[in-house]
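For the protein sequence lines, the chains are A and B, in the order given. For the first sequence, our numbering begins at 1001 and goes up steadily by one. For the second sequence, our numbering begins at -1 and goes up steadily by one. Some notes on the structure that comes next.
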Amino acid sequence: MTAKILLVDDEADFLDIMTEFIEDEGYAVKTATNGKEALHILEQDNFDLIVSDINMPGMKGFELLDKAAELYPSLKRVLITAYDVRDYINMAKNYNIGNIITKTAPFNFDEIRIFLNNILTGEIFGLGLYVQGRIHQTYLKKSKDLERVNHEVIEFMKSDYHKRKFRQALSEITINAFFYGAKNEEGDKKHLWEFETTLNDGEEVLVSWACDNEKSGVAVTDQKGRLKKEDILFWLERNMTKGEDGLSLGLRDSHGKGLFITRETIDRLIINIDHGKKTEVILINYEEGLYDGHRPLWIQEL
Amino acid sequence: MHIGTIVTAGIENKAFTRSLEEHGYSLISVDDIDAVLNITVPFDIMLIRGELLKEINHAVLEHLYFVNNSTPVALLFTDTTSIPATLIKKLQNSSLDILYDFEIEHETIYQRIDRFFINAKLNDHLTTLQEKFLMQKSLEKEISLREQILNHEREVNANIIASITAGLIIFDINGSTIVANEPVKQVLKNVSTDIIGSSYKALLPQEMSELVENVMHEMNAEDTRPYVKKCKIADTYYEVYCYRMLNYHNQPNGILMLINDITEQESMNVLLYRSEKLATVGTMLSGIAHELRNPLAIISARIQRALTKKTYEPEWLKKSFTSIQTQASRCASIVNSLLNFTRNTATNAGYHKIAEILDETLTYVDYQNTFDNISVEKEYDKDLMAYGDRSRFVQIFLNLITNAADAMEGNGTLTIRTSLESPYSTRIEINDSGPGMSEKIRAKIFDPFFTTKEPGKGTGLGLAIVYKIVQESNGRIWCQSHPGDTSFFVELPSEKERSYDSKNIARR
């Protein structure tokens, strides 16, 4: 059955081009130019997904999605904005919204196609959904392998630009996956961690990587699925909020910085969670300058 | 010939009394002392028979005093042998002239009476002379005293005029100069004629003489506030105050002009404006950067769609190109608005649609996260115009809207209303549903450096600058505040000519 999408934006021109694109993708589309109209349309028809602009006159996107969730709990919800998503992390945390896509220039139709497909089908796992090239992968079982695997992935990157971008982010993400994700160590007891440790069978962390002509990507997957959207939003917000001394609140925390730093360095941080089963953190970096400055927020929980 | 009036009491010698009359005296004759009380006309001398003396009591003495308006009266007694010493003493103590114990020998009494009169007249004369002399003396004294005071006052006035560092110049009712201090000569250094006596038209630069002209036209107006005007002559900025001068009868009799050199202050103001303007530019720049993303994304999306197509239908192409054209123009106008704003012209005045400026201003700020939970209600009249500098209007609204959003701490309703207040003024109201201000705070909000924001969040210059800009735009600004309902009102001239201060003259 064709999925139905309600598209809300006060820019008629944008609605026009998006409708054209989404229909070409094989979905059915209806449009509204403000929150009130959107709620009215939702009343009359069943939709699978609402995609709403954030900054609209009258009702803002967050408010609209909040009302829509209250009325239609199964409706999937995505926000879209031309502005910097960083400015909305606080709202995202307050409304527990994990999906904000960005209107970029150049316009990233591929990404929107992937995101729409992911959210509508629930097929969210696998680096192959995001990167075209051949996928390399390895399992992390021993803590001493961390450095070696990271090194191998970095070496694979085809330019210094990508190497530089991934170096810190990758080590943050693999350590997180290994110690928090797989071993479930407590962040505030880092000094008690056993650094020389081996994961049990079925706990291994999978690291996969690939690249195509416009981007490189790495996926780090644990098999526990302990991460929660709520926690991620909490940490991101905490690291973006300044305390009285002008330093970010997150600086004081023993953990939670890694995700924030990764989001700040790598073009895309995508987190897919199947609770109790797996957490997949995907890092994607585009060729230099291609989609600079616009970082969608993409956290999906099945 | 009348010499004086004599009262005789109990004097029975008719020959004597007749001879007194022949001598030139008017006579009033009474028989006893009680009858004295009936005399109501003034007299000079009273002749009393000695035997009656004992009948003179206090009431009689008082009556003598009373009818004679307190002028001394001579009392002449015949045969005083029977007068007790105590009574004589009592009489001597009274202020009356007492002549007693004389025989009624005609010659003697005439002589004595005459002597009395001559003495009295001479005394009078002497007294008058002395008084006149004293008076003259004191007059001279007073005149010299007054002269001293006058000199002193003159000196004080001269000192005042000399010590005023502002230029001070006074014109009479016809516009001729009557007073001018040294600093004025500095201002009028190009004037070659004598300043005193010259007409203001011949002396003053045009901008200043216009001001005098204005005052001259309204010499009898009830409004007593001075005219104020800023003008620039060569490289110097002056602030000129013009007052009407009134005489004691409240009649206008001259014009007093104070000319202040405010070049230094003005250059500080320019710096202040510039820094505030830079802050505004900062806000606008990030707003513009954000605002450009929407049209750019649309343009890029259109082009990418076109690039991936295999065949092109003419209708589709036309639609795409129209959209690209529209969005590109939008980018251009967003960028232009910044250019317009930064262009440093003080007199970029013109007619502007207020609604357009308000909408533009909103786009600079409403992407900010402080606006996420603020709903903006626009109750505008689309066609209302205001006359002034567009970039200054943007600055006014940007400050007021930002303040409103800050006051609501990112939560509430921002209502913007416009209305035509009179045929000549457009009113803009910016209302927020924030907690409002106390009376104490409200009284201070337009003071420079006053802020209620946390340290580092505001310079406190915003509203002070807004106030100045509104004033210089010939408008006015005020504020009303209740919890949940705070409004800033700005009134801007909607017509250039009708604006009271079209020549940049204000009254304070």
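Glycine included, C-beta positions come from ideal geometry on N, C-alpha and C.
Test: residue i CB closer than 7 Å to a CB of chain B
{"i": "P1296 of chain A", "result": "no"}
{"i": "K1060 of chain A", "result": "yes"}
{"i": "F1179 of chain A", "result": "no"}
{"i": "Y1083 of chain A", "result": "yes"}
{"i": "N1272 of chain A", "result": "no"}
{"i": "N964 of chain A", "result": "A question about residue 964 of chain A goes unanswered here, because the residues of chain A that appear run from 1001 up to 1302."}
{"i": "I1041 of chain A", "result": "no"}
Test: residue i CB closer than 7 Å to a CB of chain A
{"i": "S321 of chain B", "result": "yes"}
{"i": "D370 of chain B", "result": "yes"}
{"i": "Y310 of chain B", "result": "no"}
{"i": "R425 of chain B", "result": "no"}
{"i": "R388 of chain B", "result": "no"}
{"i": "H350 of chain B", "result": "no"}
{"i": "H215 of chain B", "result": "no"}
{"i": "Y236 of chain B", "result": "no"}
{"i": "Y225 of chain B", "result": "no"}
{"i": "R291 of chain B", "result": "yes"}
{"i": "P453 of chain B", "result": "Note that P453 of chain B scores 49 on pLDDT, short of 50, meaning its location in the model is unreliable; the coordinates nonetheless yield the value given after this. Answer no: the Cβ-Cβ gap between P453 of chain B and chain A never drops below 7 Å."}
{"i": "Y365 of chain B", "result": "yes"}
In DSSP terms, what residue i is bridged to
{"i": "G249 of chain B", "result": "The amino acid occupying residue 249 of chain B in the given sequence is Gln; Gly does not appear at that position. DSSP, once it has assigned bridges, lists no residue as partnering Q249 of chain B."}
{"i": "T1138 of chain A", "result": "A:V1207"}
{"i": "H480 of chain B", "result": "B:D483"}
{"i": "A1032 of chain A", "result": "A:V1008"}
{"i": "A384 of chain B", "result": "B:H350"}
{"i": "I578 of chain B", "result": "Residue coverage of chain B in this structure runs from -1 to 506, which leaves residue 578 of chain B outside it and unanswerable."}
{"i": "P491 of chain B", "result": "B:S423"}
{"i": "N188 of chain B", "result": "DSSP lists no partner for N188 of chain B."}
{"i": "Q1300 of chain A", "result": "A:N1272"}
{"i": "A7 of chain B", "result": "B:V28 and B:I46"}
is_contact[residue i, chain E] using C-beta, thresh 7 Å
{"i": "K1093 of chain A", "result": "Included in the structure are the protein chains A and B, with no chain E among them."}
Assess contact between the region 162 to 177 of chain B and the region 194 to 202 of chain B, defined as three or more Cβ pairs (one per stretch) separated by less than 8 Å. Is contact present?
yes
Of all the residues that make up the region 293 to 304 of chain B, which are near chain A by a beta-carbon distance shorter than 9 Å?
P293, L294, A295, I296, I297, S298, A299, R300, I301, Q302 and R303
For the region 1007 to 1035 of chain A, which residues have a beta carbon sitting closer than 8 Å to at least one beta carbon of chain B?
Answer in chain order: E1011, D1013, F1014, D1016, I1017, M1018, E1020 and F1021.
Only counting runs of 4 or more residues, tell me where the alpha helix (DSSP H) segments fall wholly within the region 1180 to 1242 of chain A, in order along the chain.
Counting only unbroken stretches of 4 or more residues, the alpha helix (DSSP H) elements lying wholly within the region 1180 to 1242 of chain A are 1229 to 1240, in sequence order.
Report the residue ranges of all alpha helix (DSSP H) runs contained in full by the region 352 to 376 of chain B; include only those spanning at least 4 residues, in chain order.
352 to 363
Which residues, taken in chain order from the region 1079 to 1112 of chain A, show a beta carbon closer than 8 Å to some beta carbon of chain B?
A1082, Y1083, D1084, D1087, Y1088, N1090, M1091, K1103, T1104, A1105, P1106, F1107 and F1109
contact_flag[the region 1239 to 1247 of chain A, the region 1160 to 1171 of chain A] where n(CB pairs < 8 Å) is 3 or more:
no
Decide yes or no for the touch test of the region 179 to 194 of chain B against the region 273 to 285 of chain B: beta carbon pairs closer than 8 Å, at least 3 of them.
no
Could you run through the region 466 to 487 of chain B and flag, in chain order, every residue whose CB is less than 8 Å away from some CB of chain A?
For the region 466 to 487 of chain B, which is checked against every Cβ of chain A, not one residue is closer than 8 Å.
Counting beta carbon pairs with one atom in the region 1196 to 1214 of chain A and one in the region 1053 to 1066 of chain A, are three or more of them shorter than 8 Å?
Verdict: no, contact absent.
Going residue by residue through the region 1095 to 1143 of chain A, where are the continuous alpha helix (DSSP H) segments of at least 4 residues, counting only ones entirely within it?
Annotation: the region 1095 to 1143 of chain A contains the following complete segments of the alpha helix (DSSP H) (minimum length 4 residues), in chain order: 1109 to 1121.
Under 8 Å, with one C-beta from each stretch per pair, do the region 292 to 308 of chain B and the region 1096 to 1105 of chain A reach the 3-pair mark?
yes
Just list the beta strand (DSSP E) runs in the region 15 to 63 of chain B, keeping only unbroken ones of 3 residues or longer that don't cross its boundaries, in chain order.
23 to 28 and 43 to 47
Does the region 1258 to 1269 of chain A come close enough to the region 1191 to 1210 of chain A to have 3 or more Cβ pairs within less than 8 Å?
Touching, no.
Could I get the ranges of all uninterrupted alpha helix (DSSP H) runs contained in the region 1025 to 1083 of chain A, with 4 residues as the minimum, in chain order?
1035 to 1044 and 1061 to 1071
Within 8 Å, do at least three Cβ pairs link the region 400 to 420 of chain B to the region 367 to 377 of chain B?
yes
4 or more residues per run - each alpha helix (DSSP H) lying fully within the region 141 to 195 of chain B
180 to 185
Between the region 1273 to 1283 of chain A and the region 1221 to 1234 of chain A, do at least 3 Cβ pairs fall closer than 8 Å?
yes
Sufficient close CB pairs (3 or more, under 8 Å) joining the region 1032 to 1045 of chain A to the region 1082 to 1099 of chain A:
no
Counting pairs of Cβ atoms below 8 Å between the region 387 to 398 of chain B and the region 348 to 360 of chain B, do you hit three or more?
yes
Cβ pair count under 8 Å reaching 3, the region 141 to 156 of chain B against the region 233 to 241 of chain B:
no
Count Cβ pairs between the region 470 to 485 of chain B and the region 426 to 437 of chain B that sit closer than 8 Å; are there 3 or more?
yes
Under 8 Å: do the region 308 to 325 of chain B and the region 1021 to 1028 of chain A share three or more Cβ pairs, one atom per stretch?
Touching, no, given that fewer than three Cβ pairs across the two stretches are closer than 8 Å.
What runs of the beta strand (DSSP E), each 3 residues or longer, lie entirely inside the region 279 to 349 of chain B?
none
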